[in-house]
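Asks:
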């Protein structure tokens with residue numbers, strides 16, 4: 037994919053593009069990618085840190101409506117990439133407030149909104165063949181939150197004139213992605229000299245989105261006028277690998293034995309009594325007891341984009357962890 041700005045993009049170098057929830061792996065890479073489209077980038081977080089030398093920093097809590105309005109003021113494109121603690125109660129309380137605040141601020145400033153979403157709202161039966169048109173029937177509380185906040189945004193697009201798009205990703209992986217399931221359960225464990233582990237069933241296929249691909253795609257979508265008003269899956273390799281094959285590939289890059297165990301659902305329930313994060317993961321375990329296939333052909337065809345292969349992505353992930 038050429039790095040230069042192509043015909044059809046809406047941006048000129050003077051317009052303001054703002055990242056709400058900067059500082060994460062996706063936020064940092066997105067800030068770098070946006071330099072291809074603008075010289076005016078604003079990073080918003082509780083404690084924002086510059087990525088590019090000329091970034092504008094704006095400290096703000098996205099739960100504060102007035103602060104969000106101030107953060108968004110003057111923006112032409114706003115990217116909502118914030119990540120909340122992986123806690124259902126926090127999600128149920130904070131996410132609707134954040135989405136209402138951001139939508140209101142974007143409408144007030146006439147800014148376009150790009151929302152980075154996940155796949156939790158899809159029906160469990162759709163996990164083996166997820167597309168942008170998959171039915172929404174979330175089997176989890178977290179999924180119901182994602183459905184709720186998506187609807188807030190879609191209603192604003194339909195009824196209030198918001199210009200927005202939703203970009204969905206499979207599970208993240210890649211260099212410096214601390215919360216990637218592939219890093220936490222495999223790479224980090226091998227690095228500690230321990231056995232890796234996989235949730236529920238290592239024979240099932242699973243898709244992962246390479247974070248640099250996701251960041252580049254977000255910048256492209258946000259700067260392409262005819263992409264607004266739609267839902268997009270971010271570019272993700274169509275290779276079909278099982279949990280066991282992912283573990284083997286990571287071990288090969290580390291030059292270690294691919295020793296691992298399967299973290300069964302009953303084990304998660306038991307450990308979850310004492311470890312809150314395991315309890316939180318438990319309700320999402322259905323994503324590992326069946327094939328998990330994420331179709332991003334809509335984006336790839338629109339932009340003639342080839343996602344990074346798993347071999348290359350895992351190599352970069354491992355090298356960045358050295």
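In this note's numbering, the protein residues as written are 37 to 358.
Even for Gly, the Cβ is constructed at its ideal location relative to N, Cα and C.
Computed from a predicted model, the values in this text were never measured in an experiment.
#1: Confirm, please, whether the CB-CB distance from residue 210 to residue 70 is below 9 Å.
#2: Can you name, in chain order, every residue of its own chain whose Cβ lies under 8 Å from the Cβ of residue 37, other than the five neighbours on each side?
#3: Tell me where the alpha helix (DSSP H) around residue 312 begins and ends.
#4: By the three-class DSSP mapping on this structure, what secondary structure does residue 277 have?
#5: Could you have a look at residue 151 and say whether DSSP puts it in helix, strand or coil?
#6: What span of residues does the alpha helix (DSSP H) with residue 52 cover, start to end?
#7: Kindly indicate the opening and closing residues of the alpha helix (DSSP H) around residue 258.
#8: For residue 162, which beta-bridge partners are listed by DSSP?
#9: I'd like the list of long-range same chain contacts for residue 86, defined as Cβ closer than 8 Å, with 5 residues on each side in sequence excluded.
#10: What separation, rounded to the nearest whole angstrom, lies between the Cα atoms of residue 178 and residue 303?
#11: By DSSP, does residue 168 sit in helix, in strand, or in coil?
#12: Which residue's Cα is closest to the Cα of residue 298: 156, 163, 231, 160?
#13: Express the C-alpha separation of residue 255 and residue 43 in angstroms, rounding to a whole number.
#14: Report buried or exposed for residue 29, applying the criterion of at least 16 other Cβ atoms within 10 angstroms of its Cβ.
#15: If you scan the region 170-257 from start to end, which runs of the beta strand (DSSP E) of 3 or more residues do you find wholly inside it?
#16: With DSSP as the reference, label residue 330 as helix, strand or coil.
#17: Just to check my reading of the structure: residue 278 and residue 331 have Cβ atoms closer than 8 Å, yes? What is that Cβ distance to the nearest angstrom?
#18: Does the Cβ-Cβ distance between residue 354 and residue 247 come in under 9 Å?
#19: Any beta carbon from chain B within less than 9 Å of residue 306's own beta carbon?
#20: Taking residue 269 as the reference, give the member of 75, 84, 153, 81 with the closest Cα.
#21: Roughly how many angstroms lie between the CA atoms of residue 345 and residue 102, to the nearest whole one?
#22: Which residues bound the alpha helix (DSSP H) around residue 120?
#23: Would you tell me roughly how many angstroms separate the C-alpha atoms of residue 91 and residue 83, rounded to the nearest one?
#24: Can you give me the Cβ contacts of residue 149 inside the same chain, cut-off strictly under 6 Å, excluding the 5 residues immediately before and after it?
#25: Helix, strand or coil: how does DSSP classify residue 298 here?
#26: Tell me which residues share the same chain as residue 39 and place their Cβ nearer than 7 Å to its Cβ, disregarding the 5 neighbours each side in the sequence.
#27: Going by CA-CA distance only, name the one from 296, 140, 187, 206 that's closest to residue 163.
#28: For the beta strand (DSSP E) that residue 77 lies in, which residues bound it at each end?
Replies: In brief:
#1: Contact flag unset, no.
#2: Any reading at residue 37 needs caution, since the residue's pLDDT is 39, under 50, leaving its predicted position unreliable; the model's value is listed next. Within the same chain, Cβ atoms closer than 8 Å to the Cβ of residue 37 are found at 252, 339, 340, 341, 342, the five residues on either side in sequence being excluded.
#3: Its alpha helix (DSSP H) spans residues 312-318.
#4: In the displayed model, residue 277 falls within coil according to three-state DSSP, outside both helix and strand.
#5: Looking at residue 151 - three-state DSSP - the assignment turns out to be strand.
#6: Element bounds for residue 52: not the alpha helix (DSSP H) but the beta strand (DSSP E), 52-56.
#7: Residue 258: member of the alpha helix (DSSP H) spanning 247-258, first to last residue.
#8: Paired residue(s): none; residue 162 is not in a bridge.
#9: Around residue 86: 79, 93.
#10: Between residue 178 and residue 303, the C-alpha separation is close to 21 Å.
#11: In the displayed model, residue 168 falls within coil according to three-state DSSP, outside both helix and strand.
#12: The candidate whose alpha carbon is nearest that of residue 298 is 231.
#13: Here residue 43 scores only 46 on pLDDT, less than 50, and its place in the model should not be relied on; the value that follows carries that caveat. Straight across, the Cα-Cα distance linking residue 43 with residue 255 is about 15 Å.
#14: Only positions 37 to 358 of the chain appear in the structure, and residue 29 is not among them; the question remains open.
#15: List check, beta strand (DSSP E) in window: 200-204, 207-209, 232-235, 244-246.
#16: In this structure, residue 330 counts as strand in the three-state DSSP scheme.
#17: Rounded to whole angstroms, the Cβ separation of residue 278 and residue 331 is 18 Å, and the two are not in contact under 8 Å.
#18: No.
#19: No chain B is present in this structure, which holds just one protein chain.
#20: For the options 75, 84, 153, 81, the alpha carbon positioned closest to that of residue 269 is the one of 153.
#21: Residue 345 and residue 102 have their alpha carbons spaced roughly 43 Å apart.
#22: Where residue 120 is concerned, there is no enclosing alpha helix (DSSP H), given that its DSSP letter is neither H nor E.
#23: It is roughly 14 Å from the alpha-carbon of residue 91 to the alpha-carbon of residue 83.
#24: Taken in chain order, the residues that qualify are 114, 142, 200.
#25: Looking at residue 298 - three-state DSSP - the assignment turns out to be strand.
#26: Because residue 39 sits at a pLDDT of 36, beneath the cut-off of 50, its placement in the model cannot be relied upon, and the following sentence gives the value as read from the coordinates. If we look at residue 39 and ignore the five residues flanking it on each side, its Cβ neighbours are 72.
#27: The residue with the shortest Cα to Cα distance from residue 163 is 206.
#28: Going by DSSP, residue 77 is part of the beta strand (DSSP E) stretching over 76-81.
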